[in-house]
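As structure tokens, the structure follows; a few thoughts come after it.
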Amino acid sequence: MKKSYLKLFTFLALILILTVGLTYLSFNQLSKSKNLASKTKMDVALVNEDKGTSFNQTELDFGNAFVKSLDKDEEQNWHVVNRGIAENGLERGTYDMMIVIPNDFSEKALSINEEKPEKVVLDYKINASDNDNIRAKAEDTASSILNDMNRRIIDVYFASIIGNLQNAQDHIIDITTLKTVGETMVETDEEIANSTHAQPIRP
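Sequential numbering of the sequence shown, starting at 817, is according to the numbering used here.
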């Protein structure tokens, strides 16, 4: 009789342990899913290499102006760093993506008034992830960020250059190019989608 009670007790104990273990695993997975869903902001490393330029005897630096405009931006967590820190942070998972404003950014932006304006290029990388859902969310967020950057570029340009606005408006859609590294093109809004293309950053 005692052996029967002992077996029953052992059996019930095993069931209890198994149930608690499964409950913990389920709760842990649910918590991770909730944490992932609740992360609405991306940690973005911004590398500003723009050297600025001059226009009508006035020094202009669109890259620096864009950096300053981020002070009031609460959509993403921006980190203004150099390229090395951005690359390392991306590899270690500190940042979700990096964006590089090239050294000729202002110079090319000012070619908007020319008959054949040069394209303004922004380089970016997205933190690689084996999780398709995380990757898709990162690419969606990247697309949103890049669209916003295009609008900011236009705002900065119009705020800096008062004259020839009509001429600028005729060319503004054609000058913006976004390119990614090791990724397919992230589509921008319909107004500029036809002028964007994906190219790798050359080492």
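For each residue, glycine too, the CB sits at the ideal point set by N, CA and C.
On the premise that residue 878 lies in contact with residue 925, defined as a C-beta separation below 8 Å, what is that separation, rounded to the nearest angstrom? Sure, about 5 Å apart at Cβ, within 8 Å.
Spell out whether any CB of chain C is found under 7 Å from the CB atom of residue 870. Of the chains in the structure shown, none is chain C; there is only one protein chain.
Rounded straight-line distance, which links the Cα of residue 904 to that of residue 911: If you take the alpha carbons of residue 911 and residue 904, they lie about 9 Å apart.
Below 8 Å on the Cβ atoms is my guess for residue 876 versus residue 927; work out the distance and round it to an integer in Å. Between residue 927 and residue 876 the Cβ distance is about 13 Å, and since that is not below 8 Å, they are no contact.
Can residue 860 and residue 894 be called in contact, C-beta distance under 7 Å? For the pair residue 860 and residue 894, the CB atoms are nearer than the 7 Å cut-off.
Rounded to the nearest angstrom, what separates residue 889 and residue 883 at their Cα positions? Taking the straight line from one Cα to the other gives about 10 Å.
Distance between residue 866 and residue 1034 (C-alpha atoms, nearest Å): Outside the shown range of the chain (817 to 1019) lies residue 1034, about which nothing can therefore be said.
Terminal residues of the continuous alpha helix (DSSP H) containing residue 885? In the DSSP assignment, residue 885 falls within the unbroken alpha helix (DSSP H) covering 878-885.
Where do the ends of the beta strand (DSSP E) carrying residue 861 lie? From DSSP, the beta strand (DSSP E) with residue 861 extends over 859-864.
With DSSP as the reference, label residue 875 as helix, strand or coil. In this structure, DSSP gives residue 875 an extended state, which the three-state scheme calls strand.
What are the start and end residues of the alpha helix (DSSP H) that includes residue 919? First-last for residue 919: undefined, no H or E at that position.
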